[in-house]
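Each residue of the sequence shown is one higher than the one before, counting from 0 in numbering that gives the first Met the number 0.
Note that the Cβ used here is the ideal one computed from N, Cα and C, for glycine as well.
Below is one structure; the comments refer to it alone.
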Amino acid sequence: MKLRQKKIDQRISPRKPLKTRIIFEDEFGEEFLYFLSTNISLSGLFIESNIKFVPGTKMFLKFSLHENEAPIQVTGEITRMTDPKRTRGRPNKNRKMGIGIRFLGLSTSDIKRIEHFVRA
């Protein structure tokens, strides 16, 4: 029952496609890596990546929902990695290789911005 509830909870936040650059920063705000996002929800986002990260790793992220808009800066936690070649059963050609990231400590204004974007 706990596993089923966890799966249900993972999809409570609606997702919306978002193709934007997600910048990873170090603790000094220096950009050191970037990826392309696939989708976003109020709880987090998915990025395309063939670099493997350890679930639980925390990162400083910066990204924009629209051009010419102030970026959102937030801490994110790696929650999962997907690999289309490593699925139960047959490989899934539609599944992208990437990383699921959960937002930690979004500001109230950034929550509103993401909610507005996802619902638009």
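Output yes or no for whether 9 Å exceeds the beta carbon distance between residue i and residue j.
| i | j | result |
| --- | --- | --- |
| SER48 | PHE34 | yes |
| LEU41 | GLU114 | yes |
| MET58 | ILE110 | no |
| LYS61 | ILE77 | no |
| ASN38 | ARG20 | no |
| LYS51 | SER36 | no |
| SER108 | VAL73 | no |
| ARG112 | ILE98 | no |
Nearest to residue i by alpha carbon, out of the options?
| i | options | result |
| --- | --- | --- |
| THR56 | LYS18, GLU29, LEU103 | LEU103 |
| ASP25 | LEU64, GLY75, SER63 | GLY75 |
| THR125 | GLY28, PRO16, ILE46, ARG118 | No information on residue 125 is available, as it lies outside the stretch 0 to 119 that the chain covers here. |
Let's test the definition: count the other Cβ atoms within 10 Å of the Cβ of residue i and tell me whether it reaches 16, buried, or not, exposed.
| i | result |
| --- | --- |
| LEU32 | exposed |
With DSSP as the reference, label residue i as helix, strand or coil.
| i | result |
| --- | --- |
| ARG14 | coil |
| VAL73 | strand |
| PHE52 | coil |
| PHE59 | strand |
| SER36 | strand |
| THR107 | helix |
| GLU24 | strand |
| GLU68 | coil |
| GLU30 | strand |
Skipping 5 residues on each side, what residues in its chain have a beta carbon closer than 6 Å to that of residue i?
| i | result |
| --- | --- |
| PHE116 | LEU64 |
| ARG3 | Confidence in ARG3 is poor, its pLDDT being 45 and thus under 50, which makes the residue's placement too unreliable to answer from. |
Among the residues of its own chain, which have a CB less than 8 Å from the CB of residue i, if the five just before and after it don't count?
| i | result |
| --- | --- |
| GLU30 | ILE22, PHE23, GLU24, LYS61 |
| GLY53 | Position check: residue 53 holds Val in this sequence, whereas Gly was assumed. Excluding positions up to five away in sequence, the list reads ILE77. |
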